[in-house]
Amino acid sequence: LGYVSVPHHQWVWLLFVPAVTIPISAAFFLIEIFRVTQSDGQNLKSDRENFVEGLCITLLALSWTPALFIATTPGGAADQVGNAYFFIWLSSIVVTETFLWWVRDWRMAIHNVMRMQQEEYKRAQEDVLRMHQHEVE
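When the sequence shown is numbered by the working numbering, its final residue is 135 and no position is left out of the sequence of numbers.
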C-alpha cells in the first residue's frame, strides 16, 4: 500500500508547511545577512521587526508540530524510517530550536529593559537623596 493509503489532506498539509517555511526562512536569512551591525557587534532590530519575526517563527512552530505528529503516526506519509521520516523530524527540531532561541532572546530583551529601568530609578533616588542632603546642610 505505502503512500497510496495516505489521505489527500495529509499530503496537502505536508506540502504546504515546507512550502511556507522555505520562503520565510530565506527572507529572514537574507535580512540577517544584509543587516547593518554596530561597531560593537550589536545587531539592533526594531520592535516591529521583532514582532514579525516572533509571529512568523511561532506560526511555523505551531505548523510543524502537528505535521510531525500526523506524518509519523502509523498510516502517515513518514511512518516508515526513511528520507521523509528524517526530514520531518529534522525540520521540526530546527524550527522548534529556532523558536526557543527567539523566546530566549525576547526574554533577555525584557530583562535588559527592566534592568535599565531599575538603574535609572536608582540613579533618580540617589539624585533626590543628594539634593535633600544639600538642602539640610
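A virtual CB, placed ideally from N, CA and C, is assigned to each residue, including glycine. Note that this is a predicted model, so its numbers are computed, not measured.
Annotation: ALA17 to LEU60 spans about 15 Å, alpha carbon to alpha carbon. Taken through DSSP and simplified to helix, strand or coil, LEU66 comes out as helix. Secondary structure note for ASP77: it is in no alpha helix (DSSP H), with a DSSP letter that is neither H nor E. For the set ILE91, PRO5, GLU124, the Cα lying nearest the Cα of LEU66 is the one of ILE91. One thing to note: ALA75 has its Cβ no nearer than 8 Å to the Cβ of LEU28. Contact annotation: GLY52 and TRP104 have beta-carbon atoms nearer than 8 Å. In this structure, the alpha-carbon of MET112 lies about 33 Å from that of THR63.
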